[in-house]
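What follows is a short report on a single structure.
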Amino acid sequence: MALSRLLPRLQSRPEPDPEPVEEEPVEAVEEPPRLQAVPEPVAAPGAESALMANVIALANQKGGVAKTTTTLNLGVAMRERGNRVLVIDLDPQGNLTMSQGMNPDAIERSMFDVLVHRVPISDVIKSVEVDIAVASIDLAGAELALSALIGRERALDKALVEVRGRYDYILIDTPPSLGLLTINAFVAADGVIVPVQCEYLSLRGLVQLENTLAMVRENLNPRVHVQGIVPTMYDGRTLHAREAIEILEEHFGDLVYETRIRKTVRYAEAPVKGNSVLKYDPSGPAAQAYRDLAKEVLDGAKARDDA
Ligand code: ADP
Ligand code: MG
Numbered sequence: 569m570a571l572s573r574l575l576p577r578l579q580s581r582p583e584p585d586p587e588p589v590e591e592e593p594v595e596a597v598e599e600p601p602r603l604q605a606v607p608e609p610v611a612a613p614g615a616e617s618a619l620m621a622n623v624i625a626l627a628n629q630k631g632g633v634a635k636t637t638t639t640l641n642l643g644v645a646m647r648e649r650g651n652r653v654l655v656i657d658l659d660p661q662g663n664l665t666m667s668q669g670m671n672p673d674a675i676e677r678s679m680f681d682v683l684v685h686r687v688p689i690s691d692v693i694k695s696v697e698v699d700i701a702v703a704s705i706d707l708a709g710a711e712l713a714l715s716a717l718i719g720r721e722r723a724l725d726k727a728l729v730e731v732r733g734r735y736d737y738i739l740i741d742t743p744p745s746l747g748l749l750t751i752n753a754f755v756a757a758d759g760v761i762v763p764v765q766c767e768y769l770s771l772r773g774l775v776q777l778e779n780t781l782a783m784v785r786e787n788l789n790p791r792v793h794v795q796g797i798v799p800t801m802y803d804g805r806t807l808h809a810r811e812a813i814e815i816l817e818e819h820f821g822d823l824v825y826e827t828r829i830r831k832t833v834r835y836a837e838a839p840v841k842g843n844s845v846l847k848y849d850p851s852g853p854a855a856q857a858y859r860d861l862a863k864e865v866l867d868g869a870k871a872r873d874d875a
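Take the numbering used here: the final residue in the sequence shown is number 875, and no numbers are missing along the way.
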């Protein structure tokens, strides 16, 4: 059976050690404990606040797996639960920006200027359902422009220093590739959430994604890891979708969230109105699915904090 052919591929991959071996010393350097006593919650630009945002990249190099949909709706659901949330549109297609009713072609300054010209990220943040750092079409030139710069992989991480103290969660929507923009997201992130379409061809890309993450861990950001996998566009009526979930769980165990994001046209309708699905159809099952996911993600974060 076609699905079973995935097994040896996924198994044959040497599991990268999920333990971020260097984590403690690195964190100790970046966040000296005494900073936690700083009473002022609004940090001056450049200063790091005691309460730092948890930065999560939403990534999968495959397009159309619901990265953008998940970034927005998870962000809005986290906000509903009282968190301060920033979402960042790091995809030159600007779908996240559009899904909050803005036109990327009409945007003057965007993440391009933040990454390439070191414009403060607060200059490109708009407050809509959540705060959103917007993309414009010129972000497509960012990889080329960045490639000539020293520290090109750390541009986003540096830009986030300004706002890490102002948010509880920062969610980064990434383009469908493992290029420099996605690498920037991995370098800035504490964790990566991978939306996966429930079909077996989608699962194969996870190996490549893990390889890239392992490289980033080794060279640039020892703390980054896959924190969860979200099965999306799930159609429980098909055997194929159920098998895809089985394979995911077999190989990634607890990393697979229990929430299934089902296939429904609501997710496509909402962005046309410039809304999240939580605003578009607040009491519908599509909105509830992302509330369930938010609860799982937040419970996971809390469990780690308490550990
Ligand atoms: P990506 O950012 O990974 O390319 P998107 O979030 O843009 O993916 O989703 C791709 C398309 O699928 C969009 O038109 C979106 O509205 C739609 N979509 C997202 N999630 C679902 C779902 N659970 N069911 C049906 N359609 C979905
Ligand atoms: Mg997208």
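Where is the CB? At the ideal position from N, CA and C, for every residue including glycine.
Every value quoted in this text rests on a predicted model; they were computed, and no experiment measured them.
{"Query": "Simplified DSSP assignment, three categories, for Leu746", "Result": "coil"}
{"Query": "Heavy atom of the ligand MG within 6 angstroms of Thr636 beta-carbon", "Result": "yes"}
{"Query": "heavy atom of the ligand MG below 6 angstroms from Asp659 C-beta", "Result": "yes"}
{"Query": "contact_flag[the stretch 730–744, the stretch 639–654] where n(CB pairs < 8 angstroms) is 3 or more", "Result": "yes"}
{"Query": "Among Tyr735, Ala782, Val798, Asn671, nearest to Met620 - alpha-carbon criterion", "Result": "Tyr735"}
{"Query": "Cβ-heavy atom distance, Thr832 to the ligand ADP, below 6 angstroms", "Result": "yes"}
{"Query": "Own chain, CB closer than 8 angstroms to Ile705, minus 5 neighbours either side, in chain order", "Result": "Pro660, Gly662, Pro672, Asp673"}
{"Query": "Neighbourhood of Pro609 by C-beta distance below 6 angstroms, restricted to the same chain and skipping five residues each side", "Result": "The predicted position of Pro609 is uncertain, since its pLDDT is 38 and thus under 50; no value can be drawn from it."}
{"Query": "heavy atom of the ligand ADP below 6 angstroms from Met620 C-beta", "Result": "no"}
{"Query": "Through-space distance from Asn789 to Glu697, alpha-carbon basis", "Result": "31 angstroms"}
{"Query": "Contact belief for Tyr848 with Glu837 at Cβ below 8 angstroms, rounded distance in angstroms", "Result": "7 angstroms"}
{"Query": "Other residues of its chain near Ala869: CB distance less than 7 angstroms, five sequence neighbours each side excluded", "Result": "Asn622"}
{"Query": "Span of the alpha helix (DSSP H), counted from its first residue to its last, around Ser667", "Result": "663–667"}
{"Query": "The stretch 623–633 in contact with the stretch 748–768 per 3-pair CB rule at 8 angstroms", "Result": "yes"}
{"Query": "C-alpha gap between Glu590 and Arg722, whole angstroms", "Result": "Here the model assigns Glu590 a pLDDT of 46, short of 50, so the residue's position is not dependable, and the following value carries that caveat. Their backbone Cα atoms lie some 18 angstroms apart in a straight line."}
{"Query": "Alpha helix (DSSP H) segment containing Tyr835, residue limits", "Result": "834–840"}
{"Query": "Bridge partner(s) assigned by DSSP for Gln765", "Result": "Thr800"}
{"Query": "Cα-Cα separation, Leu771 to Leu749", "Result": "22 angstroms"}
{"Query": "Closest Cα partner of Val687 within the set Glu778, Ala708, Leu664, Lys726", "Result": "Lys726"}
{"Query": "Own chain partners of Glu767 with C-beta closer than 6 angstroms, once the 5 adjacent residues on each side are dropped", "Result": "Ala812"}
{"Query": "Within 7 angstroms, strictly: CB atoms of Arg828 and Ala854", "Result": "no"}
{"Query": "Among Arg791, Val644, Ala710, Ala809, nearest to Ser695 - alpha-carbon criterion", "Result": "Val644"}
{"Query": "Beta-bridge pairing of Val655 - partner residues as DSSP gives them", "Result": "Ile700, Leu739"}
{"Query": "For Val824, the residue or residues it bridges with in DSSP", "Result": "Ile797"}
{"Query": "Asn628: CB within 6 angstroms of a non-hydrogen atom of the ligand MG", "Result": "no"}
{"Query": "7 angstroms CB neighbourhood of Thr832 in its chain, flanking five on each side removed", "Result": "Ala854"}
{"Query": "Contact under 7 angstroms by Cβ, Ile797 with Leu823", "Result": "yes"}
{"Query": "Beta-bridge partners of Leu626, as assigned by DSSP", "Result": "Asp741, Ile761"}
{"Query": "Nonlocal neighbours in the same chain, by C-beta distance under 6 angstroms from Glu786, ignoring five residues either side", "Result": "none"}
{"Query": "Heavy atom of the ligand MG within 6 angstroms of Asn663 beta-carbon", "Result": "yes"}
{"Query": "Beta-carbon separation (whole angstroms), Leu753 vs Leu658, contact threshold 8 angstroms", "Result": "The identity of residue 753 in the sequence shown is Ala, whereas the question assumes Leu. Ala753 to Leu658, Cβ: 6 angstroms. Contact."}
{"Query": "Cross-strand partners of Lys694 (DSSP beta bridge)", "Result": "Ile700"}
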